[in-house]
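Numbering (the numbering used here), first residue to last: -16 to 152.
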């Protein structure tokens, strides 16, 4: 199977995971999504930042929003975009600035289990990824991302009950 290299990638609910990979002297991004796997010739944080901008926000705004909910914690999950009002949330495995950080879509995780070397993430497509991350750490990230999702869904529900729709004409 040949590897598909691309210069850019737009994240969505089809995106499952952004993983840094070493390519010669540079860091590229291995993208696993619903349909395929490819290599983006940019760092994961670059892909994330560009996706946020293309989808109507910025990475910095997404971080500020998460900090408003969680306080000044480390390794916060962020909302990359909304699709029909549903937040597309990605959680980091390490500090977002770390070259080892992997971004995982909350919507893509079907299971997390401990392993001898860390944990195994099972994605919705059945693919299993073993990561050198403590099970407790990734579980906390998953819970935080789930709490953020619930928070945004409650806000959405509140808005739909509080504000009647007024057409712009």
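Glycine is no exception: its CB is placed at the ideal position from the N, C-alpha and C atoms.
Out of the options, point me to the one whose CA is closest to residue i's CA.
| i | options | result |
| --- | --- | --- |
| residue 134 | 77, 62, 24 and -14 | 62 |
| residue 83 | 20, 70, 105 and 9 | 9 |
| residue 168 | -4, 15, -2 and -5 | In the structure as shown, the chain begins at -16 and stops at 152. Residue 168 is therefore absent and cannot be evaluated. |
| residue 112 | 34, 6 and -1 | -1 |
| residue 138 | 34, 70 and 94 | 70 |
| residue 27 | 80, 120 and 53 | 80 |
| residue -3 | 46, 51, 21 and 42 | 21 |
| residue 74 | 99, 39, 36 and 46 | 46 |
| residue 18 | 39, 109, 37 and 12 | 109 |
| residue 99 | 86, 117 and 92 | 117 |
| residue 92 | 43, 77 and 72 | 72 |
| residue 64 | 141, -9, 127 and 132 | 132 |
| residue 122 | 107, 141 and 58 | 58 |
| residue 38 | 13, 76, 120 and -5 | -5 |
| residue 107 | 140, 87, 53 and -9 | 87 |
| residue 76 | 11, 101 and 141 | 101 |
Which word fits residue i, buried or exposed, when buried means at least 16 other C-beta atoms lie within 10 angstroms of its C-beta?
| i | result |
| --- | --- |
| residue -16 | Confidence at residue -16 is low in this model, with a pLDDT of 47, below 50, so the placement of that residue should be treated as unreliable; the coordinate-derived value is given next. Classification of residue -16: exposed, given that the 10 Å Cβ count is below 16. |
| residue -7 | exposed |
| residue 97 | exposed |
| residue 67 | exposed |
| residue 143 | exposed |
| residue 90 | buried |
| residue 124 | buried |
| residue -13 | exposed |
| residue 25 | buried |
| residue 36 | exposed |
| residue 115 | exposed |
| residue 56 | exposed |
| residue 127 | buried |
| residue 41 | exposed |
| residue 34 | buried |
Just checking my contact of residue i with residue j at CB under 8 Å: how many whole Å lie between their CB atoms?
| i | j | result |
| --- | --- | --- |
| residue 23 | residue -11 | 6 Å |
| residue 85 | residue 1 | 7 Å |
Mind checking who residue i pairs with in its DSSP beta bridge?
| i | result |
| --- | --- |
| residue 15 | 0 and 20 |
| residue 96 | 103 |
| residue 111 | 105 |
| residue 88 | 73 |
| residue 10 | 5 |
| residue -12 | 22 |
Those runs of the alpha helix (DSSP H) which lie wholly inside the stretch 26 to 70 and span at least 4 residues: Taking only runs of at least 4 residues, the alpha helix (DSSP H) segments lying wholly in the stretch 26 to 70 are 27 to 37 and 42 to 53.
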